[in-house]
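In our numbering, the protein residues as written are 1133 to 1307.
1) Could you have a look at residue 1258 and say whether DSSP puts it in helix, strand or coil?
2) Within a Cβ cutoff of 8 Å, which residues of the same chain sit near residue 1151, ignoring the five residues on either side of it in sequence?
3) Can you round the beta-carbon distance between residue 1167 and residue 1181 to whole angstroms, since I take them to be within the 8 Å contact cut?
4) On the three-state DSSP scale, how would you describe residue 1232?
5) Report the residue ranges of all alpha helix (DSSP H) runs contained in full by the segment 1152-1201; include only those spanning at least 4 residues, in chain order.
6) Output the distance between the C-alpha atoms of residue 1283 and residue 1220, rounded to the nearest integer angstrom.
7) In whole angstroms, what is the alpha-carbon distance linking residue 1142 and residue 1236?
8) Could you give the DSSP three-state label for residue 1141: helix, strand or coil?
9) So, are the CB atoms of residue 1275 and residue 1257 less than 8 Å apart?
Right, here's the structure in full:
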């Protein structure tokens, strides 16, 4: 079992720490599919906290943790580090940046729909894809919505969009 210390900023800006006690290496899938991806989709601090309470020991840090996840829900950004506990000082510090392992796992778990939409829209920029989705009626945007979600997740916070009424707006798009 691999443990991870989680440092989280909820969508309302509240900061907290907790421990994920089981299967927290990204390649094992559990933490990514059962905790991180659902957290990124909630956008409500109360429901985020409820999900965290289901999967974590709240307000703790473990000296035997292997990893440190820094989760910024307002920015839709997750970073992964080795966790180093300095027993002499009783402090924790970040080790080697392992975020690439998390992103690699995200790329591996693509669904068939995501594979199809990636091929279908690979020639479009984020801005062009948003414009295309906005030109369609809501009930005809499924492929575009799947591709926008895929791009946003894989960007790890560098591409964010928001729905306002029936219109999709780009909040952030850094190349």
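Every residue gets a Cβ at the ideal spot worked out from N, C-alpha and C, and that includes glycine. Computed from a prediction, not measured in an experiment: that's the story for all the values here.
In brief:
1) Position 126 of the chain shown holds residue 1258. Under the three-state reduction of DSSP output, residue 1258 falls in the helix class.
2) Residue numbering aside, residue 1151 sits at position 19 when the chain shown is read from its first letter. Excluding sequence neighbours, residue 1151 sits near 1135, 1136, 1137, 1138, 1188, 1189, 1192, 1193, 1194, 1197.
3) Translated into positions along the chain shown, residue 1167 becomes position 35. Translated into positions along the chain shown, residue 1181 becomes position 49. Actually they do not touch by this definition, with Cβ atoms about 13 Å apart.
4) Locating residue 1232 in the chain shown gives position 100, counting from the first residue. If DSSP states are grouped into helix, strand and coil, residue 1232 belongs with the helices.
5) If one requires a minimum length of 4 residues, the alpha helix (DSSP H) runs lying completely within the segment 1152-1201 are 1169-1174, 1177-1187, in chain order.
6) For the purposes of this step, residue 1283 is taken as the residue at position 151 of the chain shown. For the purposes of this step, residue 1220 is taken as the residue at position 88 of the chain shown. Between residue 1283 and residue 1220, the C-alpha separation is close to 43 Å.
7) Taking the first residue of the chain shown as position 1, residue 1142 is located at position 10. Taking the first residue of the chain shown as position 1, residue 1236 is located at position 104. Taken atom to atom, the span from the alpha-carbon of residue 1142 to that of residue 1236 is near 24 Å.
8) As a first step, residue 1141 must be located in the chain shown, where it is residue number 9. Strand, per DSSP.
9) If you number the chain shown from 1, residue 1275 lands on position 143. If you number the chain shown from 1, residue 1257 lands on position 125. No, the Cβ-Cβ distance between residue 1275 and residue 1257 is not below 8 Å.
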